[in-house]
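Colleague: At position 222 of the sequence shown (counting the first as 1) the number is 271 in our numbering, and the numbers step up by one without a gap.
Ideal Cβ positions, reconstructed from N, Cα and C, are used throughout, including at glycine.
Input: one structure, supplied below.
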Amino acid sequence: MRYSALALAWNAVTGNRNWTPAWRDAAPRESYDVLVIGGGGHGLATAYYLAKEHGIANVAVLEKSWIGSGNAGRNTTIIRSNYLMQGNIPFYEWSMRLWESLEKDLNYNAMVSQRGVLNLCHSDVQRDAFARRGNAMRLNGVDADLLDRDQVRALVPYLDFDSARFPIHGGLMQRRGGTARHDAVVWGYARGADRRGVDIVQNCEVTGIRRENGRVTGVETTRGAVGAGKVALAVAGSSSRLAAMAGLRLPIESHVLQAFVSEGIKPLVHHVVTFGAGHFYISQSDKGGLVFGGDIDGYNSYAQRGNLPTVEDVCEGGMAMMPLIGRLRIVRSWGGLMDMSMDGSPIIDRTPVQGLYLNTGWCYGGFKATPASGWCFAHLIARDEPHPVAAAYRLDRFTTGALIDERGAGAQPNLH
Ligand SMILES: Cc1cc2nc3c(=O)[nH]c(=O)nc-3n(C[C@H](O)[C@H](O)[C@H](O)COP(=O)(O)OP(=O)(O)OC[C@H]3O[C@@H](n4cnc5c(N)ncnc54)[C@H](O)[C@@H]3O)c2cc1C
50 MRYSALALAW NAVTGNRNWT PAWRDAAPRE SYDVLVIGGG GHGLATAYYL AKEHGIANVA
110 VLEKSWIGSG NAGRNTTIIR SNYLMQGNIP FYEWSMRLWE SLEKDLNYNA MVSQRGVLNL
170 CHSDVQRDAF ARRGNAMRLN GVDADLLDRD QVRALVPYLD FDSARFPIHG GLMQRRGGTA
230 RHDAVVWGYA RGADRRGVDI VQNCEVTGIR RENGRVTGVE TTRGAVGAGK VALAVAGSSS
290 RLAAMAGLRL PIESHVLQAF VSEGIKPLVH HVVTFGAGHF YISQSDKGGL VFGGDIDGYN
350 SYAQRGNLPT VEDVCEGGMA MMPLIGRLRI VRSWGGLMDM SMDGSPIIDR TPVQGLYLNT
410 GWCYGGFKAT PASGWCFAHL IARDEPHPVA AAYRLDRFTT GALIDERGAG AQPNLH
């Protein structure tokens, strides 16, 4: 069923009895051409583009829980393409372009809101670094504005500009950045994939990866064995566990990242704003709650919940940047399971097991990557060669040394 103003009006006058389910509740079949493991944004986008762009629709997405129950439904919804490194800029800008046409493409309201992403700087040195980043972005056709202190104040007057420790010197603004509604993105891709014949199988945990003579032949699941010519892993924070089922050890650590929502207030935060002297980012949802987060919890874990010291750390960052936040109550917080790579950049690649493909290492930033990740992963699976904009995301870069170290912090997983 196509969604339109007419469909809305017709269903309103007929008592809303004629809406059809957005996707079928499929049971797993005996075998498929491609199995995508993980019903988060990346897995569903991959299945959607496999069917739409490559005509490969004999595909199932196997999700151990309900679709969107992982990071896809737990993130702080920020989308942007303000990257510095050559390996990253074209990929994230391609993602931004896909975001800009996503709702039309999917015929689904994903609430893509290009409200602008503003990174604050708190010293002259940091402003120089932002000027460099902005120049790199512009040279690659990405929008970027370096703002002085007064320009920043005009946009976000509620911040603490004269803090003794972290005075605000200016900021780097990407106006095309913003937010999108995370679960709507999942549902939109699920519906689009389902309409093209993809089976979306929920409550189906993959428990083993079948191989014969170095080639993948299918998977074991809690709902029986399923055969496949190709198996694609898009399980984010569970990547190491799944890869281990095929005898692989990944350069990935799993960490908890928490998010927080305050009580609803009148419209105040009209952009996404990030603190430059610590790790804190904030936006305001359409319901009025302030949505914010900060650093990962900093220890390896597969739990989807975090600890109090990080709550305190995130709130300290918020108080330093925006003291008024101290008057608000936090009404919800939760944790997600992050796939932290050793250089902070992702992996979209083949693996040493023939027919087994890997999509992981999204760290803090995989939500904004969802469209391009699906697009490039589908390209890799269909053609067995990397898509040009994801050409740098090779698994062997950790042995060749061709790291994409966006933060310049070296090989460690605690990246911003
Ligand atoms: C608190 C938080 C805030 C974030 N904020 C942002 C942000 O503002 N902007 C941004 O760009 N990124 C953000 N991220 C990161 C982003 O959410 C992730 O990088 C991205 O969602 C990962 O891709 P995904 O959606 O496919 O993952 P997921 O949604 O985690 O999908 C993986 C799926 O695999 C399933 N799975 C696992 N094991 C199995 C198995 N054995 N069998 C079958 N299925 C399995 C899981 O249940 C899960 O549904 C944030 C993450 C968190 C946790």
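#1: Is it right to say Pro420 is buried, meaning 16 or more other beta carbons lie within 10 angstroms of its own, or is it exposed?
#2: Comparing C-alpha positions only, which one of Leu151, Ser162, Cys425 and His218 sits nearest to Gln175?
#3: Are the Cβ atoms of Ile453 and Asn131 separated by less than 9 Å?
#4: For ligand 1, I want to know if Leu429 counts as a neighbour, meaning its beta carbon is within less than 8 Å of at least one of the ligand's heavy atoms.
#5: Use the C-beta contact count for Gly88: other C-beta atoms within 10 angstroms, 16 or more gives buried, fewer gives exposed.
#6: Would DSSP call Gly410 helix, strand or coil?
#7: Considering Cα atoms alone, identify which of Leu282, Ala295 and Ala369 is closest to Leu429.
#8: Less than 8 Å between the CB of Ser130 and some heavy atom of ligand 1, yes or no?
#9: Identify which residue in Trp148, Met134, Phe215 and Asp192 has its Cα closest to the Cα of Asp173.
#10: Among Asp177, Arg225 and Glu79, which one has its Cα closest to the Cα of Gly276?
#11: Evaluate Lys336 with the Cβ neighbour count: other Cβ atoms within 10 Å of its Cβ, from every protein chain shown; 16 or more gives buried, anything less gives exposed.
#12: Check whether the Cβ atoms of Leu405 and Ala295 lie closer than 9 Å to each other.
#13: DSSP three-state call for Arg264: helix, strand or coil?
#14: Could you check which residue in Arg240, Val62 and Arg224 has the C-alpha nearest to that of Asn158?
#15: Taking only heavy atoms of ligand 1 into account, decide whether any of them is closer than 8 Å to the Cβ of Met160.
#16: Are the beta-carbon atoms belonging to Val83 and Asn107 less than 9 Å from one another?
#17: Are the CB atoms of Asp344 and His328 nearer to each other than 9 Å?
#18: What number of angstroms, rounded off, separates the C-alpha of Gly450 from the C-alpha of Met391?
#19: If you pair each beta-carbon of the region 266-273 with each one of the region 115-123, do three or more pairs fall below 8 Å?
#20: Here's a check: name, in chain order, each residue in its chain whose Cβ is nearer than 6 Å to the Cβ of His436, leaving out the five neighbours to either side.
#21: Buried or exposed, going by whether 16 or more other CB atoms sit within 10 Å of the CB of Tyr351?
#22: Using alpha carbons as the reference points, say which of Ala71, Arg66, Gly423 and Asn60 lies closest to Gly246.
#23: Report the start-end ranges of each alpha helix (DSSP H) in the region 425-449 that is 4 residues or longer and not cut off at the edges.
#24: So, with DSSP's three-state summary, where would you put Glu361?
#25: Could you tell me the distance, in whole angstroms, from the CA atom of Phe341 to the CA atom of Leu196?
#26: If we count Cβ pairs, one from each stretch, closer than 8 Å, do we get three or more for the region 137-156 versus the region 185-195?
#27: Evaluate the contact criterion for the region 306-314 versus the region 379-399: three or more CB pairs, one atom per stretch, below 8 Å.
#28: Cβ-heavy atom distance between Met145 and ligand 3 below 8 Å?
#29: Count the CB pairs spanning the region 221-234 and the region 148-167 that are closer than 8 Å, and state whether there are at least three.
Modeller: Straight from the coordinates:
#1: Here Pro420 is buried. Its C-beta has 16 or more other C-beta atoms within 10 Å.
#2: The residue among Leu151, Ser162, Cys425 and His218 with its C-alpha nearest the C-alpha of Gln175 is His218.
#3: Taking 9 Å as the Cβ cut-off, Ile453 and Asn131 do not qualify as a contacting pair.
#4: Not under cutoff, so the answer is no.
#5: Around the C-beta of Gly88, 16 or more other C-beta atoms lie within 10 Å, and the residue is accordingly described as buried.
#6: Three-state result, Gly410: coil.
#7: Minimum Cα distance to Leu429 is reached at Leu282.
#8: In terms of side-chain proximity, the C-beta atom of Ser130 is found no nearer than 8 Å to any non-hydrogen atom of ligand 1.
#9: The candidate whose alpha carbon is nearest that of Asp173 is Phe215.
#10: For the options Asp177, Arg225 and Glu79, the alpha carbon positioned closest to that of Gly276 is the one of Glu79.
#11: Exposed is the call here.
#12: Contact flag set, yes.
#13: Correct three-state label for Arg264: strand.
#14: Distance check between Asn158 and each of Arg240, Val62 and Arg224 places Arg240 closest, using alpha-carbon atoms only.
#15: Flag unset: Cβ of Met160 not near ligand 1.
#16: Yes, they are a contact pair.
#17: Yes, these two residues count as a Cβ contact at 9 Å.
#18: If I take the Cα positions, the gap works out to 11 Å.
#19: No, the region 266-273 does not touch the region 115-123.
#20: Excluding positions up to five away in sequence, the list reads Cys425 and His428.
#21: Exposed, by the Cβ-count rule.
#22: It is Ala71 whose Cα lies nearest to the Cα of Gly246.
#23: If only complete runs of 4 or more residues are kept, the region 425-449 shows the alpha helix (DSSP H) at 446-449, in order along the chain.
#24: If DSSP states are grouped into helix, strand and coil, Glu361 belongs with the helices.
#25: Distance between the alpha carbons of Phe341 and Leu196 is about 23 Å.
#26: A contact exists between the region 137-156 and the region 185-195.
#27: Below 8 Å, enough C-beta pairs join the region 306-314 and the region 379-399 to call them touching: three or more.
#28: Absence of ligand 3 is noted for the structure shown, with ligand 1 being the only ligands found.
#29: Under the Cβ criterion (8 Å, minimum of three pairs), the region 221-234 counts as touching the region 148-167.
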